[in-house]
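If you read the sequences in order, they're chains G and R. Whatever position you read off the first sequence (first residue = 1), add 180 for our numbering. Whatever position you read off the second sequence (first residue = 1), add 7 for our numbering. Only one structure is covered here, and it is reproduced in the block below.
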Amino acid sequence: MNESIIRMENVKKSFGELEVLKGITLELGRGEVVAIIGPSGSGKSTLLRCLNRLEVVNGGSIAIEEEYLVKDGEYADALKSRKICGKMGMVFQQFNLFPHMTVLENLLEAPLIVKKQSREEVMPVALELLSKVGLGDKADVYPNQLSGGQQQRVAIARALAMNPDIMLFDEPTSSLDPELTGEVLKTMRNLADGNMTMVVVTHEMGFAREVAQKVIFMADGIVQEQGTPDAIFDNPKNERLQVFLQSILR
Amino acid sequence: MDEILRMMVPLLEGCRVTVAIFAVTLCLSIPLGLLLALARLSDIKPLNRAVEFYNWIMRGTPLMLQLLFVYFALPTFGIRLPDVTSALLAFVLNYAAYFAEIFRAGIQSIPKGQYEAAKTLGFTYVQTMRRIIVPQMIKRVLPPIGNETITLVKDTSLVYVLAMNDLLRAARTIVQREFDMTPFFIAGCFYLVMTFVVTRVFNWLEKHYARYEE
């Protein structure tokens with residue numbers, strides 16, 4: 181592992197009385213693909229959402245590329261926080277494409293509006309990304325004319341159009357029909373092969389095993405065990421992990 | 008026939024007044040309604056309480072009363088406005104409250120995921136509203152906005168209490184002078200034409216927004 185790109189120290193998050201993250205400490209290197217697995221309600225999505233401030237933490241520190249988004253519970257100012265979060269792209273379980281825009285417009289929107297890039301500048305990038313995710317012929321259709329798998333690939337391309345250093349995936353295949361998960365996983369695999377730093381919350385054990393360099397197992401708001409896929413899947417030490425693996429691999 | 012043509016002049020003049028009140032009210036109350044809706048949904052507690060109170064007053068008292076208040080009561084507080092301005096003020100303030108509640112409901116119906124997607128792409132609040140939320144909201148609120156707009160066509164006739172020569176007052180003046188009911192029928196036809204046009208415009212808008220599904 182080279183330079184640290186994401187560092188979390190003792191991150192805590194509660195929703196009211198419910199403590200969802202009970203002090204998470206993690207470090208990820210550039211170019212690493214990390215899979216976060218665990219039973220539902222274990223806090224894995226919340227962990228991911230804390231990274232780009234979709235959730236506000238109650239304590240601890242998060243640093244992205246050595247810059248503190250939050251330090252000991254104190255957030256950086258709005259400008260800096262926006263800059264830090266801009267380094268991360270996110271893909272959601274429910275795609276969250278903009279339904280009133282065509283596929284191409286979905287990709288162009290943020291670079292044009294947020295980065296104020298020119299259309300001439302963004303257009304070739306957007307078209308290339310679309311063909312990269314295998315949807316070069318769908319530029320002018322609206323998202324709802326696409327299958328779930330195609331929509332999710334558009335969502336990946338949309339996030340990539342902002343040229344992020346890190347991609348966050350929040351159960352990207354969980355709302356897809358089984359026969360459509362393959363095409364999305366393949367797109368993610370290509371991204372990993374291109375050395376993108378990726379944090380993937382997933383139930384796809386095959387993907388975690390084959391693509392991730394590191395697997396993190398969470399339960400009850402803490403990281404129970406982390407390690408290489410081989411160590412996690414073939415030689416689990418944590419009892420919760422053993423039970424979890426038995427229940428899903430049966 | 009000559010008789011009818013002779014009536015047409017004041018009736019058309021009345022139509023002009025009616026259409027003017029309608030158009031100005033619509034053009035001002037829709038943007039004001041949107042601002043009120045955003046204020047109502049803002050995190051600033053006193054602001055959304057204030058808008059809630061405003062909407063309660065405006066929707067809770069008759070428009071007629073509001074017209075009379077602006078026209079007769081404001082001058083006693085030293086605020087003197089020209090007739091037309093008084094009428095427009097009352098209409099805009101009243102309709103903005105109705106539009107505000109429609110827009111608020113529309114904005115609240117947009118899924119949270121749209122805000123989250125915009126946020127992760129770096130959109131500011133204003134950019135999110137302008138580019139993502141409001142355009143989608145418009146599609147959803149077109150039917151109730153169409154309803155309100157048709158009601159507004161007919162509500163303009165309330166200005167007759169302020170002695171403004173709108174279509175209805177023009178018709179009534181002729182009826183009272185000549186004991187001939189024809190002007191009422193003609194006025195009715197004019198209102199129908201106006202609401203027909205409004206209906207068509209909204210049909211077209213709904214068709215335009217049907218290009219995408221949600």
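Note that beta-carbon positions come from the ideal geometry of N, C-alpha and C, so glycine has one too.
Measure the CB-CB distance between residue i and residue j and report whether it falls below 8 Å.
i: G:T282; j: G:D317; result: no
i: R:Q143; j: R:I117; result: yes
i: R:T202; j: R:I140; result: no
i: G:F397; j: G:I186; result: no
i: G:L227; j: G:I244; result: no
i: G:D400; j: G:S222; result: yes
i: G:Q330; j: G:L340; result: no
i: R:Y102; j: R:E155; result: yes
i: R:N62; j: R:A124; result: no
i: G:I336; j: G:V305; result: no
i: G:S327; j: G:L348; result: no
i: R:F29; j: R:L159; result: yes
i: G:I346; j: G:K251; result: no
i: G:Q332; j: G:F387; result: no
i: G:A371; j: G:E384; result: Here the sequence assigns Leu to residue 371 of chain G, which means Ala is not the residue at that position. No, Cβ-Cβ distance for G:L371 and G:E384 is not below 8 Å.
i: R:L45; j: R:M136; result: yes
i: R:N5; j: R:E59; result: Only positions 8 to 221 of chain R appear in the structure, and residue 5 of chain R is not among them; the question remains open.
i: G:S354; j: G:Q273; result: yes
Would you decide whether residue i is buried or exposed? Buried here means 16 or more other CB atoms lie within 10 Å of its CB.
i: G:L310; result: buried
i: R:R207; result: exposed
i: R:A217; result: exposed
i: G:G496; result: Outside the shown range of chain G, which is 181 to 430, sits residue 496 of chain G, and nothing can be said about it.
i: R:I152; result: buried
i: R:I51; result: exposed
i: G:E419; result: exposed
i: G:M181; result: Note that G:M181 scores 47 on pLDDT, short of 50, meaning its location in the model is unreliable and no value can be drawn from it.
i: G:Q426; result: exposed
i: R:T83; result: exposed
i: G:P352; result: buried
i: G:F424; result: buried
i: R:L43; result: buried
i: G:P344; result: buried
i: R:R176; result: buried
i: R:V204; result: exposed
i: R:I193; result: buried
i: G:M188; result: buried
i: R:H215; result: exposed
i: R:D222; result: Residue 222 of chain R lies beyond the stretch modelled for chain R, which goes from 8 to 221, so this question has no answer here.
i: R:S36; result: buried
Mind reading off the beta-carbon distance from residue i to residue j? Whole number of angstroms is fine, and I expect it under 8 Å.
i: G:V214; j: G:V379; result: 5 Å
i: R:L74; j: R:L165; result: 6 Å
i: G:V237; j: G:G253; result: 7 Å
i: R:G120; j: G:M342; result: Not quite, the Cβ-Cβ distance comes to about 17 Å (not below 8 Å), so this is no contact.
i: G:K394; j: G:Q406; result: 6 Å
i: G:L286; j: G:L277; result: The sequence shown places Asn at residue 286 of chain G, not Leu. With a Cβ gap of about 6 Å, G:N286 and G:L277 count as contacting.
i: R:Y105; j: R:R147; result: Going by Cβ atoms, the distance from R:Y105 to R:R147 rounds to 16 Å, so no, they are not a contact pair.
i: R:L48; j: R:L149; result: Rounded, the Cβ-Cβ distance is 20 Å, inconsistent with contact.
i: G:Y322; j: G:P279; result: 7 Å
i: R:V31; j: R:L95; result: 6 Å
i: G:C230; j: G:K193; result: 6 Å
Tell me whether residue i sits in a helix, a strand or coil according to DSSP, three-state version.
i: G:F275; result: coil
i: G:K417; result: coil
i: G:Y322; result: coil
i: G:F195; result: strand
i: R:I117; result: coil
i: G:K224; result: helix
i: R:E213; result: helix
i: R:L45; result: helix
i: R:V208; result: helix
i: G:G239; result: strand
i: R:F191; result: helix
i: G:G314; result: coil
i: G:N343; result: coil
i: G:S298; result: coil
i: R:E221; result: coil
i: R:P89; result: coil
i: R:F84; result: coil
Can you name the residues that DSSP bridges to residue i?
i: G:S184; result: G:G209
i: G:L348; result: G:M270 and G:V379
i: G:A215; result: G:V380 and G:V395
i: G:L201; result: G:K193
i: G:I244; result: G:I186 and G:E247
i: G:Q406; result: G:I396
i: R:Y198; result: R:Y198 is not bridged to any residue.
i: R:E123; result: R:E123 is not bridged to any residue.
i: G:Y449; result: Past the edges of chain G, shown from 181 to 430, lies residue 449 of chain G, and the structure says nothing about it.
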